[in-house]
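Start counting the sequence shown at 1; every next residue gets the next number (this note's numbering). For every residue, glycine included, the Cβ atom is placed at its ideal position computed from N, Cα and C. It should be emphasised that the depicted structure is a prediction, and the values quoted were computed from it without experimental measurement.
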Amino acid sequence: MPPVEVTLTDPDALTVETTAGTWLVAGLAPSALRAAVEAADDGSEVRRRLESVAEDAVAVGVVDGRLRAYRSVTATRSLYHCRTPNGTVILTDHFRTALARLPVDGRSVPDRTVADHLLFRTPIEPDAYVAEIETVPRGAWLDWTDDGPTVDQRGRLDVEPVLTADAAVDAIDDALEAVLAAGSRNDQTVMFSGGVDSTLLGTYLDAPTVSMAIDSPELAFERRYVRDTRELLTADGHRTVALDETRFLTWLEGSMDRLGFPSHFSQTALTHALFAADDGRRYVNGEGADALFGLTGSKGARIAALLRPLLARTPRPLAAGVPGAAGRRLAELHDLARRFDRPTADRGGFAQRFAFFTDPDVVARMVGDDLVDRRLRAQRAFVADRVATTDAGPATAHLELGHLLSFFQHNTVAQWRQLAHAHGASLLAPFKTGRMARCSQSIPADRRYVQGLSGLGSLDAKYLLKRLLARRLPSYPTGRKKGSGALPLERYFDDGPLADVFDRYEPPSVVPEGMLSDHVDSFGPVTWNLITYAVWRDRVLRNPDLEPVPATVDYRDAVETSP
């Protein structure tokens, strides 16, 4: 009968006491989770009731002498579990807390996790960053017995895609309003970039806004965009956190110290800086909208799909021979169309290259072809277990899977949520909820991300969200170009705040000597991933003095873990 320690760091987490035991719950609407637990008569009814109300939720119960845990199918709240050397079962929503309970010599990184980091910048669940810690997969229930954890995968997004574009705009409007009504608080702040997603959220909320303003000259346009579009919202109060790019490595280091695992996205370092400097305690973030309604690059993919019959009859050398920009664009479309002919799990296919920021062929030279191909298939299988995809031809299949890979595998919100918790704050991400995901899936895939043939004049990604924003805020310039917010990492590496990063942190040993010049001595397709791994390895993985993140609610007891 080993001891159990359960800790949740979410400031809004609740403890629910029942006659059968104790539940710890956190989610978009924690009061609804509490009501579901309190209304249930037994464990099976708890499962049914929690699943019916869960919107980005986790729940852990020590009930009838057993440890049970649940994570909703779209959850950006995480649950990690492990056993300490003395046999204590640890279950927590923050990776650093779990890692801190393991000695340094009890933290090992499998080869597949290194491959996942280089390919996707995050492990494929149930893996975490060390072999001794696993996650409760999204959509699953975990039961812990003397033999260890067992997982029952139950949650799926099975939705019939029946909505027209006009009906879809109304459905998105209704879904956003419902999600924000359930999750909003009086003291919240919208994380504002001036783009479609954050501005759209601002039209629903009478809340102040906050933005990051790093002084990199490449982002001057972004700063102007924030200023111009913020004036269109009626809510009072905007805060700007001014950031000096020379401190970027310090913020990157600090983000990993807080998280306990490597950063996925370069903006995670800036998000850490914002949370450290700002006095907000609840933040609303629009991340996830692109993956549901149209990522950058969807327009080009749609054009290539429409021109596919013509491109198939045009040899690529002939296309590339067209002079100037037209020839280059034609060659790009030719290459895109050819990628649609490959299987969706193939490293050369469109889907696997669309959603991520690396080159799987380069990674294969570091870790081996077989491992890369196995991880791409595992990622495809992870998504297939959680959502039904449509059969609408190879181009649409690739475009849909690419978006679903982004939605399920990009753990940006999970990172920012754990960063917020480490700073004592909470995060609401409306687009990463089950209701918004089901809304997206109810739109046919060939009309979900880019307009169809009727919209050839404006094949913009996220056209449905732009239509909704035009309805709610007619003065917003939906046709205006906005930058991606991407930091100039290559310049940072060449002569900026990352110039000496590999002098401070030894490059990962996974890089063969023959590849050092392209990826360590200069900035290449996987250099960012190598930087984040090296910083994490030295500052966190090998750190014997890690401290757990303070818990909001916890449970510690010796419970029966046998069947």
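Query: Name the one or two DSSP bridge partners that GLN188 has.; Result: ARG282
Query: Across which residues does DSSP place PRO126 in a beta bridge pair?; Result: Paired residues: none, contrary to the question.
Query: Rounded to whole angstroms, what's the CA-CA distance from GLY194 to TYR225? Just pull it up for me.; Result: 6 Å
Query: Nearest to LEU28 by CA position, among VAL387, THR358, ASN285, is which residue?; Result: ASN285
Query: Compare the beta carbon distance of ALA215 and LEU252 with 8 Å and say whether it is the shorter of the two.; Result: Strictly speaking, residue 215 in this sequence is Asp, with Ala absent from that position. The answer is no: Cβ separation not under 8 Å.
Query: In angstroms, rounded to a whole number, what distance separates the CA positions of GLY297 and ARG542?; Result: 39 Å
Query: Looking at the C-beta of PHE293, does it have a partner C-beta in chain B at a distance below 8 Å?; Result: Among the chains in the structure shown there is no chain B, since it carries only a single protein chain.
Query: Ordered along the chain, which non-local residues of its own chain (more than five positions away) have a Cβ less than 8 Å from that of GLY457?; Result: In this prediction, GLY457 scores a pLDDT of 48, lower than 50, which makes its location untrustworthy; the coordinate-derived value is nonetheless stated afterwards. Nothing listed; no residue qualifies.
Query: Identify every run of the alpha helix (DSSP H) within the stretch 522-547, keeping only runs that are complete inside it and at least 4 residues long; order them along the chain.; Result: 527-536
Query: Where does TYR204 sit, in a helix, a strand or coil, going by DSSP?; Result: helix
Query: Leaving aside the five residues before and after PHE493 along the sequence, list all residues of the same chain whose C-beta is less than 6 Å from its C-beta, in chain order.; Result: PHE523
Query: Can you tell me whether ALA499 is buried or exposed, with buried defined as 16 or more other CB within 10 angstroms of its CB?; Result: exposed
Query: Between which residues of its own chain and ASP56 is the CB-CB distance below 8 Å, once the five residues before and five after are set aside?; Result: GLY27, LEU28, SER72, THR74, ALA75, THR76, ARG77, ALA429, LYS432, THR433, GLY434
Query: Is TYR555 helix, strand or coil by DSSP?; Result: strand
Query: With GLU245 as the anchor, note down where its beta strand (DSSP E) starts and where it stops.; Result: From DSSP, GLU245 is part of no beta strand (DSSP E); its letter is neither H nor E.
Query: What residue ranges within the stretch 330-383 form continuous alpha helix (DSSP H) runs of no fewer than 4 residues, ordered along the chain?; Result: 350-354, 360-367
Query: Using only the alpha-carbon positions, how far apart do GLY455 and ARG328 sit?; Result: At GLY455, the pLDDT of 47 sits below 50, so the modelled position is not reliable and the matter cannot be decided from this model.
Query: If I measure Cβ to Cβ from THR412 and keep anything under 7 Å in the same chain, skipping five residues before and after, which residues do I get?; Result: HIS264, PHE265, GLU287
Query: Can you tell me which of the three DSSP states LEU91 falls into?; Result: strand
Query: How is HIS238 classed by DSSP in three states: helix, strand or coil?; Result: strand
Query: Going by the CB atoms, is the gap between ARG156 and VAL510 shorter than 8 Å?; Result: no
Query: Can you confirm whether the stretch 79-95 touches the stretch 437-454 when touching is taken to mean that 3 or more C-beta pairs between the two stretches lie within less than 8 Å?; Result: no
Query: Quick check: what's the CA-CA separation for ALA167 versus SER442?; Result: 10 Å
Query: At the level of alpha carbons, what is the spacing between HIS334 and ARG121?; Result: 29 Å
Query: My guess is that ARG230 and THR203 are in contact by the Cβ rule of under 8 Å, so how many angstroms apart are they, rounded?; Result: Not quite, the Cβ-Cβ distance comes to about 12 Å (not below 8 Å), so this is no contact.
Query: Answer with buried or exposed for ASP187, where buried requires no fewer than 16 other C-beta atoms within 10 angstroms of its C-beta.; Result: exposed
Query: Where does LEU516 land, buried or exposed, given buried means 16+ other C-beta within 10 angstroms?; Result: exposed
Query: Opposite TRP416 in the DSSP bridges: which residues?; Result: Bridge partners of TRP416: none, in fact.
Query: Tell me which same chain residues have a C-beta within less than 6 Å of the C-beta of PRO137, skipping the five on either side of it?; Result: GLU125, PRO126
Query: Taking the alpha-carbon positions, what's the ASP143 to VAL130 distance?; Result: 21 Å
Query: Please report the straight-line C-alpha distance between LEU459 and ALA425, rounded to a whole angstrom.; Result: 39 Å
Query: Less than 8 Å separating the beta-carbons of ARG112 and LEU371?; Result: yes
Query: Would you call the stretch 10-17 in contact with the stretch 536-555, where contact means no fewer than 3 C-beta pairs closer than 8 Å?; Result: yes
Query: Between ALA378 and the rest of its own chain, which residues show a CB-CB distance below 6 Å, the 5 nearest in sequence each way excluded?; Result: ILE124
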